[in-house]
Amino acid sequence: MVLLLVDLDNTLLDRASAFDLWATGFVRALGGACSEAAWIVDADRDGYEPRESLAGAIKERFGLDTAIADIVDELLFGHVDLMNLDTATANVLKNARDQGWKIAVVTNGTTAQQSLKIRTAGLESYVDAVVISESEGVKKPDPEIFRIAAGRLGLELTGGWMVGDHPTADIAGGKAAGLKTGWVSRGKKWADSSMIPNLAADTAAEVIEAVVSGVARPC
Ligand SMILES: [Mg+2]
């Protein structure tokens, strides 16, 4: 058995496209210009801006009477139905397990939101475990969350892989835990010359396929 840990947002599921669609609908419902959706997407920072802070900024910018807690709720759950597991990703996960890999999702976020994403996308049947930072009280890049994930699968970290899109949370964190790392670049160039992932490709499907087949795809 070989260990494969995989990030969720913008790795297995295309959060960016879903959030973009949600922001467009949100702004349209308020009668705002399309450029305002781009402002929300920018302020969201791929989900890394704390939700309360983003909710406050949205409330102020659009002059909303809505309570911050309700805007946070909308930010957490409004785009979840718009996230899908694409066929190519589903196929490589199935192939990896057929070849003896054990797979855990390792994701930062709230338990309610991340669990709902996994259920909605039908991801549960493609992985062996799900590790969510809020549930564990520790988040990426802390190596402890990768240890927890490996333990959940009954495997050691040694020889295992971490695949994800975030240079710090996924790649630096995975390396610090002693894992090999595959970077989902989403068309970007790797920027940190002091630390380089073992392989890189544009999509999770391509990275996981390369990891499983042992094909080198350096940055
Ligand atoms: Mg991610």
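So for the sequence shown, the numbering used here puts the first residue at 187; every next one is plus one. Where is the CB? At the ideal position from N, CA and C, for every residue including glycine. Since the structure is predicted, the reported quantities are computational estimates derived from the model, not experimental observations.
Would you mind stating whether residue i and residue j have Cβ atoms separated by less than 7 Å?
i    : j    : result
A209 : V227 : yes
Q285 : V398 : yes
A355 : P327 : yes
R237 : V258 : yes
E320 : T344 : no
K366 : W347 : yes
P383 : A362 : no
H265 : A224 : no
G364 : D388 : no
V317 : I334 : yes
L207 : K288 : no
L176 : G368 : An answer regarding residue 176 cannot be provided, because it is not within the stretch 187 to 405 covered by the chain.
T293 : Q300 : yes
A229 : A215 : no
E322 : I331 : yes
V291 : L194 : yes
Quick check on the DSSP output: the beta strand (DSSP E) that includes residue i runs from which residue to which?
i    : result
W225 : First-last for W225: 220 to 230, but that is the alpha helix (DSSP H), not the beta strand (DSSP E).
A363 : Element bounds for A363: n/a, residue is neither H nor E.
I318 : 315 to 318
L385 : 385 to 387
Spell out the partners DSSP gives residue i in its beta bridges.
i    : result
G350 : W369
L190 : I289, W347
D195 : L199
Following the continuous alpha helix (DSSP H) through residue i, name the residue where it begins and the one where it ends.
i    : result
N277 : 273 to 284
D259 : 254 to 263
G400 : From DSSP, G400 is part of no alpha helix (DSSP H); its letter is neither H nor E.
L302 : 297 to 307
E342 : Element bounds for E342: n/a, residue is neither H nor E.
G242 : 237 to 248
Quiz prompt | Contact the stretch 189 to 206 vs the stretch 292 to 308: 3+ CB pairs below 8 Å | solution = Result yes; three or more Cβ-Cβ pairs closer than 8 Å.
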